[in-house]
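For the sequence shown, my numbering gives the first residue as 271, with consecutive numbering after it. The beta-carbon is built from N, C-alpha and C at its ideal position, and this holds for glycine as well. Given the structure is predicted, the values throughout are model-derived calculations rather than measurements.
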Amino acid sequence: AAGLALLANTAPVAFGALGTPIITLAKVSGIDEMALSQMAGRQLPLFSLIVPAWLVWVMSGWKGVKGCWPAILVCGGSFATIQFLTSNLHGPTLVDVLGGVGSLVVTAGFLRFWQPKQIWRFPEERADETGVGDSGREAGEEVAQANRQSPHLQHQTPDQNNSDSAPCHPSPVSGLPRLSPRRIAYAWMPWVLLSVMVFLWGWPAWKTSLNGGRPDRPNCLAGVGKLDFDVPWLTGVVYRTAPVVVVPPGADRAELPEKAVYEFNWLSATGTGIFLAAVLSALWLRIAPSIFFGEFARTLYRVRWALFTIACMLALAFTTKYSGADATLGLAFTQTGCLYPLFAPLLGWLGVALTGSDTSANALFGSLQRITAEQLGLNSVLIVASNSTGGVMGKMIDAQSIVVAAVATGQSGGEGRILRFVFPHSVVLALLIGLLTLAQAYLMPWIIPSP
């Protein structure tokens, strides 16, 4: 489950919640934001088609892919289509939001009219060849009986006197009882709240407001929502020079001091929005405060070592940045010459694997990618955009994601096993996007938008 979740978390990474990685890439590279969005939107849709099939293949083999290929095509095709159209016609901000929601709705609607002939089950489960069988009906009866007998579940039901409490007819496919639209909406509401909060906290205007407003127009949260601290003995001490930074016109050399500022943005941090979504969900589900905060404390204790590991990995990422190791690794890739389009996405892949963030990898290597492309006579839009699109394949192997996946699936301490599972997939997918970039550079230059 952890490996599949990490594999699935690839297609949306390049655009982020509201296009932040592409926006950051445009700022550090000086290339038009819309051109980078269009270029990324002409690379990733192919992988949006591949990833659903890849997931099913990893889960159930080629037999599983053959059994549900129509659903795979609808799921990946709808996401890829929306991803392409939004990134090329609108920009990077709503690509993943519209793509995810649209794909979910289209796939759910398709499954109302089409069902696989067989239901795939784990080996230890009692599988039925037709997909209906007695086991599904028995499971449905057990669920219905549990709902009737459990006072805790009855307490959380919004209205026990409505039609939702009536016995439901079983599904002809799974044998489980059908749920009314009201109960489905009731169960989905926590995820809707989570999506709204993540969207809101990723909105630049909202984030700026929580951080205290603009410098010229501060609000009442100025100096409260965000606190900045210069790191002593580090800020302004490290300098980046050419070719890592651009030499200003008329200057002999470029020396850019590296700022080391610790930002404590406790209000605008995404975790604050997620915590607020959890509180609102608890109110919606009528969970007692004692149960909610007790579960919160138990979860915090459960992930204590994961939090420590993530903190160590962030420290490693900053050490990599301020020691110049990131630039050294990046410059090593530039020695590949005409094959650089193959390795440019791998630089983004390496950056995300080290930092855990496509935005951070773009901030680190965006300028370097453009300088290298210009020195080698390559199209800078393609090369710079490939830093972000290649980075998506590194998301599944970064330490933060692996630790979170391990904790979420109850496998604390098994991070090494999860890494060994996803690493080959990450390398293969990164090489595929490298080959696509190489083909677009020399065989399909017409697909590259003008900056």
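Around the beta carbon of residue 545, fewer than 16 other beta carbons sit within 10 angstroms, so the residue counts as exposed. Distances from the CA of residue 651 to each of 710, 671, 702 and 630 were compared; the closest alpha carbon is that of 710.
With 16 or more other CB atoms across the displayed protein chains lying within 10 angstroms of its CB, residue 283 is buried. Scanning 639, 680 and 557 for the CA closest to the CA of residue 296 turns up 639.
Taking the Cα of residue 632 as reference, the smallest distance to any Cα among 658, 450 and 696 is reached at 658. Rounded to the nearest angstrom, the gap between the Cα atoms of residue 646 and residue 608 is 7 Å.
In this structure the segment 498–514 touches the segment 528–541; the number of beta carbon pairs closer than 8 Å is three or more. Here DSSP, grouped into helix, strand and coil, assigns residue 363 to coil.
For residue 642, the enclosing alpha helix (DSSP H) starts and ends at 628–646. Taking a cut-off of 8 Å for Cβ pairs, the segment 298–305 and the segment 321–333 do not touch, as fewer than three such pairs fall below it. Cβ neighbours of residue 291 within its own chain (closer than 7 Å, five residues either side excluded): 284, 285, 628, 629, 632 and 658.
Within the same chain, and ignoring the five residues on either side of residue 635 in sequence, the residues whose Cβ sits closer than 6 Å to its Cβ are 600, 617, 621 and 657.
It is roughly 17 Å from the alpha-carbon of residue 569 to the alpha-carbon of residue 581. Under a 10 Å Cβ-count criterion, residue 389 is classified as buried, with 16 or more other Cβ atoms of the shown protein chains found around its own Cβ. For residue 506, the closest C-alpha among the options 474, 641 and 592 is that of 592. Of all C-beta pairs linking the segment 660–671 to the segment 699–714, three or more are shorter than 8 Å, placing the two stretches in contact. Annotation: the continuous beta strand (DSSP E) that includes residue 510 extends over 509–511. Residue 344 sits away from residue 356, with the two beta carbons spaced by 7 Å or more. In this structure, residue 289 and residue 363 form a Cβ contact; the two beta carbons are roughly 4 Å apart against a cut-off of 8 Å.
Between residue 277 and residue 695, the CB-CB gap stays under 7 Å. Boundaries of the alpha helix (DSSP H) around residue 697: 685–712. Between residue 688 and residue 676, the C-beta gap is smaller than 7 Å, which places the two residues in contact.
Residue state for residue 565 is assigned as helix, using DSSP reduced to three classes. Residue 295: not part of any beta strand (DSSP E); member of the alpha helix (DSSP H) spanning 290–299, first to last residue. Counting the other CB atoms within 10 Å of its CB gives residue 673 a total of 16 or more, which places it among the buried residues. Only residues of its own chain outside the window of five on either side were considered, and among them 675 have a CB closer than 6 Å to the CB of residue 275, listed in chain order.
The alpha carbon of residue 462 has as its nearest neighbour, out of 369, 655 and 548, the alpha carbon of 548. Under the DSSP assignment, residue 609 falls outside any alpha helix (DSSP H); it carries neither an H nor an E label. The Cβ atoms of residue 319 and residue 346 sit closer than 7 Å to each other. Within 10 angstroms of the beta-carbon of residue 487 lie fewer than 16 other beta-carbons, which makes it exposed. Going by C-alpha positions, residue 597 is about 45 Å away from residue 458. The beta carbon of residue 377 is closer than 8 Å to those of 341, 344, 345 and 348 in its chain, skipping five residues each way along the sequence.
For residue 322, the number of other beta carbons within 10 angstroms of its own is at least 16, and it is reported as buried. A Cβ-Cβ distance of about 23 Å is found for the pair residue 543 and residue 587, leaving them out of contact under the 8 Å criterion.
Sequence-distant partners of residue 358 (beyond 5 residues in either direction) whose C-beta falls short of 6 Å from its own C-beta, in its chain, are 308 and 311.
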